[in-house]
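Accompanying notes for the structure given below.
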Amino acid sequence: ESLDCDVVIVGAGGAGLTAAAQAAENGAKVIVVEKMPIVGGNSLKATGGMNAADTKYQEALGITDSGVDEFIEDTMNGGHQINDRSLVTVMAEESSDAVDWLDAIGAPLPKVAATGGTTHKYLHEPEDGSAVGSYLVEKLNAQAEKLGVQIMLNTEATEILTENGAAVGIKAESKEHNYTIHAKSVILATGGFGANFDLMASFNPALANAVTTNHAGATGDGILMAEAIGADTVDMDQIQLHPTVYQETGLLVSESVRSMGGILVNAEGKRFCNDLATRDAVSNAELEQPGAYAYIIFDQRIVDDLKSCQKYIKNGLTVSADNYEDLAKAMGLEGDAIQNFVDTMDTWNAAVAAGEDKEFGRNNGIDADLSTAPYYAIKIAPGIHHTMGGLKINTDAEVLDTQGNAIPGLYAAGETTGGVHGGNRIGGNAVCDFVVFGRIAGNNASAYAAN
Ligand code: ADP
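Take the position in the sequence shown, starting the count at 1, then add 122; the result is the number in mature numbering (1 follows the signal peptide of the UniProt record, and there is no 0).
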């Protein structure tokens with residue numbers, strides 16, 4: 123079967139849906155192919171928020187020290203300075219406009235908090251405590267559909283079509299059909315490869331048996347399809363471990379639990395690091411603890427404010443108790459570890475009261491203590507979370523070939539690209555990345571198609 127459109131987009135996660143809504147807003151006829159039976163990809167699982175700087179919401183809350191420059195430096199430092207600074211700069215500069223655009227399509231993010239690895243408050247969240255990913259995916263999908271975007275589920279892109287070196291469409295297949303989709307431009311928004319163990323192991327053999335938080339469709343298809351027509355990649359060996367993953371199911375326990383005041387303790391009942399340092403630092407610290415695991419501790423105050431926590435309880439991830447000693451026992455701590463845990467909690471609550479974490483220097487998520495019973499714990503350890511590397515793009519979201527030239531008609535956005543996050547992604551930057559670069563790809567691909 124043969125189809126025609128202006129812009130064809132591969133992948134209906136955060137980046138693909140954003141690009142689709144943006145391109146359709148510009149008047150382009152857009153087709154999106156999505157290989158899974160649902161839209162959303164890994165974006166659907168994002169629980170934190172969207173980092174953004176110099177926004178009207180920060181201003182309304184009197185947050186004046188968390189601007190574009192701080193956002194750029196935090197992102198570069200978090201990524202160990204191997205990020206592509208030009209991409210980071212564009213992401214930070216466009217983030218406030220992206221928040222306004224989300225507002226305009228009915229997806230406001232008015233709450234502002236801090237996230238792991240940042241020194242400032244950039245993390246924008248939905249008003250009602252919803253997880254940001256499912257919230258945005260639903261609104262972006264509704265907007266794309268309202269603007270007439272055709273979304274083909276259960277349809278997998280297999281190849282990029284080219285003519286004289288330019289991308290001019292894709293081949294795709296569903297159970298029943300083989301499609302040739304002719305387009306004036308192509309956007310790859312296929313996400314990362316955190317569920318492709320062979321590909322990850324080819325860069326880091328130690329990851330072959332790790333647990334992953336990724337959805338099954340995160341297999342790096344866009345990267346492989348683009349490489350087949352000469353695209354370049356960057357930082358493919360930079361694979362992020364997230365420190366709070368429930369190992370039985372690969373479910374990620376949201377960073378928001380810690381930014382709202384949750385802490386990590388080890389099997390001896392003791393804290394062991396700044397719980398809100400960057401994800402790689404916390405993961406590495408955890409791997410050095412007895413048994414290479416830890417517990418995340420929170421209280422009823424956090425549960426009341428965070429829908430994700432209510433889900434963890436409902437799904438049986440937690441143990442709970444009405445006092446610290448009983449919680450320690452419910453966690454399976456024994457001997458000295460029980461009293462250690464009680465002491466740890468008292469010390470932490472005192473640190474919150476004093477506004478200073480003398481032990482580990484944690485400087486955010488220290489606004490409220492853990493004194494509202496009942497108390498909860500989830501046993502966690504590091505798991506594969508984000509593939510920072512991917513297709514090499516420029517600030518116009520054009521995909522570059524191995525000579526450094528843009529491949530005409532080919533754009534990419536989101537986790538399928540590399541360079542924005544460098545060696546370690548900061549929480550809240552995946553969403554910022556997919557909204558900002560999804561819009562850039564949508565704008566440029568539709569403009570290219572109109573020429
Ligand atoms: P991002 O945050 O970058 O948007 P996501 O993981 O949220 O990344 O979304 C990527 C989407 O792309 C997923 O829904 C995934 O199923 C889809 N996808 C991946 N490979 C293909 C492919 N070959 N054909 C169609 N869709 C794909």
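Idealized CB from N, CA, C, for every residue including glycine.
Only a predicted model underlies this, so the values are computations on that prediction, with no experimental measurement involved.
Legend entry - Whole alpha helix (DSSP H) elements within the stretch 408 to 489, 4-residue minimum: Taking 4 residues as the shortest admissible run, the stretch 408 to 489 contains the following complete alpha helix (DSSP H) segments, listed from N- to C-terminal end: 422 to 427, 429 to 436, 446 to 452, 458 to 476.
Inset, instruction - Compare the beta carbon distance of Ala499 and Val441 with 8 Å and say whether it is the shorter of the two. - result: What you label residue 499 is simply residue 377 of the sequence shown in a count that begins at 1. What you label residue 441 is simply residue 319 of the sequence shown in a count that begins at 1. Closer than 8 Å, so yes.
Inset, instruction - Going by DSSP, name the residue or residues bridged to Ile506. - result: In the sequence shown, the residue the question calls residue 506 occupies position 384. Its beta-bridge partners are Thr334, Leu363.
Legend entry - Cβ-heavy atom distance, Ser256 to ligand 1, below 7 Å: As a first step, residue 256 must be located in the sequence shown, where it is residue number 134. Proximity of the beta carbon of Ser256 to ligand 1 is not indicated: no heavy atom of the ligand is located closer than 7 Å.
Inset, instruction - May I ask you to check if the CB of Ala279 is nearer than 7 Å to at least one heavy atom of ligand 1? - result: Counted from its first residue, the sequence shown places residue 279 at position 157. Within 7 Å of the C-beta of Ala279 there is at least one heavy atom belonging to ligand 1.
Inset, instruction - Could you spell out the range, first to last residue, of the beta strand (DSSP E) harbouring Ala236? - result: Reading the sequence shown from its first residue, position 114 is the one you call residue 236. Membership of Ala236 in the beta strand (DSSP E) is indicated by the continuous run 233 to 236.
Legend entry - Supposed close pair Asp489, Gly383 - CB separation, criterion 8 Å: For the purposes of this step, residue 489 is taken as the residue at position 367 of the sequence shown. For the purposes of this step, residue 383 is taken as the residue at position 261 of the sequence shown. Between Asp489 and Gly383 the beta-carbon gap is near 7 Å, inside 8 Å, which marks them as a contact.
Inset, instruction - Please state whether DSSP places Thr400 in a helix, a strand or coil. - result: Along the sequence shown, read from residue 1 onward, the residue named residue 400 stands at position 278. The three-state secondary structure of Thr400, taken from DSSP, is coil.
Legend entry - Secondary structure of residue 118, DSSP reduced to three states: Absent from the model: residue 118. The displayed extent of the chain is 123 to 573, so no value can be given.
Legend entry - At least three beta-carbon pairs within less than 8 Å, the stretch 319 to 335 to the stretch 139 to 155: With the rule of 3 Cβ pairs closer than 8 Å, the stretch 319 to 335 does not count as touching the stretch 139 to 155.
Inset, instruction - Output the boundary residues of the beta strand (DSSP E) element that contains Thr140. - result: On the sequence shown, residue 140 is found 18 positions in, with the first residue counted as 1. Taken as a continuous stretch (DSSP letters only), Thr140 belongs to no beta strand (DSSP E), being part of the alpha helix (DSSP H) at 136 to 147.
Legend entry - Best match in Ile204, Leu224, Phe193 for proximity to Thr211 [C-alpha to C-alpha]: The count along the sequence shown starts at 1 and reaches residue 211 at position 89. Out of Ile204, Leu224, Phe193, Phe193 has the C-alpha closest to the C-alpha of Thr211.
Inset, instruction - Say yes only if the C-beta of residue 97 is nearer than 7 Å to one or more non-hydrogen atoms of ligand 1, and no if none qualify. - result: Residue coverage of the chain in this structure runs from 123 to 573, which leaves residue 97 outside it and unanswerable.
Inset, instruction - Following the continuous alpha helix (DSSP H) through Lys151, name the residue where it begins and the one where it ends. - result: Residue mapping note: residue 151 aligns to position 29 of the sequence shown, counting from 1. Going by DSSP, Lys151 is part of no alpha helix (DSSP H) at all; its letter is neither H nor E.
Inset, instruction - Compute every distance between the C-beta of Lys429 and the non-hydrogen atoms of ligand 2, then say whether any falls below 7 Å. - result: With respect to small molecules bound, the structure shown includes ligand 1 and not ligand 2.
Inset, instruction - Would you mind sorting His246 into buried or exposed? The rule is 16 or more other CB atoms within 10 Å of its CB. - result: On the sequence shown, position 124 is the one that residue 246 refers to. If you draw a 10 Å sphere on the C-beta of His246, you find 16 or more other C-beta atoms in it, and that means buried.
Inset, instruction - Round the Cβ separation of Glu447 and Val464 to the nearest angstrom and send it over; I've been treating them as touching at under 8 Å. - result: The residue labelled residue 447 in the question sits at position 325 within the sequence shown. The residue labelled residue 464 in the question sits at position 342 within the sequence shown. Contact between Glu447 and Val464 is confirmed by a C-beta separation of about 6 Å, below the 8 Å threshold.
Legend entry - heavy atom of ligand 1 below 7 Å from Asp343 C-beta: Residue 343 sits at position 221 when you count from the first residue of the sequence shown. Correct: Asp343 has its Cβ closer than 7 Å to ligand 1.
Inset, instruction - Taking the CB atoms as reference points, tell me whether Thr494 and Asp397 lie closer together than 8 Å. - result: Sequence index remark: in the sequence shown, residue 494 carries index 372 (1-based). Sequence index remark: in the sequence shown, residue 397 carries index 275 (1-based). Between Thr494 and Asp397, the C-beta spacing is not below 8 Å.
Legend entry - Own chain, CB closer than 6 Å to residue 577, minus 5 neighbours either side, in chain order: Nothing can be reported for residue 577: it is not among the residues displayed for the chain, which extend from 123 to 573.
Legend entry - Proximity test, Glu537 beta-carbon vs ligand 1 heavy atom, cut-off 7 Å: In the sequence shown, the residue the question calls residue 537 occupies position 415. Yes.
Legend entry - Contact the stretch 178 to 198 vs the stretch 292 to 303: 3+ CB pairs below 8 Å: Using a Cβ-Cβ distance cut-off of 8 Å, the stretch 178 to 198 and the stretch 292 to 303 are not in contact, since fewer than three pairs of beta carbons, one from each stretch, lie closer than that value.
Legend entry - Residue span of the alpha helix (DSSP H) that contains Lys261, given as start and end: Here residue 261 refers to the residue found at position 139 of the sequence shown. In the DSSP annotation of this structure, the continuous segment of the alpha helix (DSSP H) that includes Lys261 starts and ends at 254 to 268.
Legend entry - Any non-hydrogen atom of ligand 1 closer than 7 Å to Gly138 Cβ: As a position in the sequence shown, residue 138 is number 16, starting the count at 1. Yes, the beta carbon of Gly138 sits closer than 7 Å to at least one heavy atom of ligand 1.
Legend entry - Identified DSSP bridge partners for Tyr533: Residue numbering aside, residue 533 sits at position 411 when the sequence shown is read from its first letter. Residue pairing by DSSP places Tyr533 opposite Ile309, Glu520 in a beta bridge.
Legend entry - Coarse secondary structure for Asp126, derived from DSSP in three states: Here residue 126 refers to the residue found at position 4 of the sequence shown. Strand, per DSSP.
Legend entry - Near ligand 1: Phe325 beta-carbon under 7 Å from a heavy atom: Taking the sequence shown and counting its residues from 1, the one referred to as residue 325 is at position 203. For ligand 1, not one heavy atom lies less than 7 Å from the Cβ of Phe325.
Legend entry - Coarse secondary structure for Ala567, derived from DSSP in three states: Residue mapping note: residue 567 aligns to position 445 of the sequence shown, counting from 1. Three-state DSSP puts Ala567 in a helix.
Inset, instruction - Look at the Cβ atom of Arg401, then the Cβ atom of Asn546, and state whether they are nearer than 8 Å. - result: Taking the first residue of the sequence shown as position 1, residue 401 is located at position 279. Taking the first residue of the sequence shown as position 1, residue 546 is located at position 424. A contact, by the Cβ cut-off of 8 Å.
Inset, instruction - Mind the definition here: the stretch 532 to 552 touches the stretch 506 to 520 only if three or more C-beta pairs lie below 8 Å; say whether that holds. - result: At 8 Å Cβ cutoff, the stretches touch.
Legend entry - Counted within 10 angstroms of its Cβ, other Cβ atoms place Ser378 as buried (16 or more) or exposed: On the sequence shown, position 256 is the one that residue 378 refers to. Buried: at least 16 other Cβ atoms inside 10 Å.
Legend entry - Among Tyr570, Ala323, Gly313, Lys429, the one whose alpha carbon lies nearest that of residue 67: Residue 67 lies beyond the range of the chain shown here (123 to 573); nothing can be said about it.
Inset, instruction - Kindly indicate which three-state DSSP category Asn551 falls into: helix, strand or coil? - result: Within the sequence shown, residue 551 is the residue found at index 429, counting from 1. Under the three-state reduction of DSSP output, Asn551 falls in the helix class.
Inset, instruction - Sort Gln360, Tyr301, Gly251 by Cα distance to Asp427 and report the nearest one. - result: Numbered from its first residue, the sequence shown carries residue 427 at position 305. Sorting Gln360, Tyr301, Gly251 by C-alpha distance to the C-alpha of Asp427 places Gly251 at the top.
Legend entry - Candidates Ala137, Ala146, Ala134: closest to Cys127 by CA position: On the sequence shown, residue 127 is found 5 positions in, with the first residue counted as 1. Comparing Cα-Cα distances from Cys127 to each of Ala137, Ala146, Ala134, the minimum goes to Ala146.
Inset, instruction - Take Thr366 as the anchor and find which of Gly339, Thr334, Leu449 has the nearest alpha-carbon. - result: On the sequence shown, position 244 is the one that residue 366 refers to. Ranking Gly339, Thr334, Leu449 by Cα distance to Thr366 puts Thr334 first.
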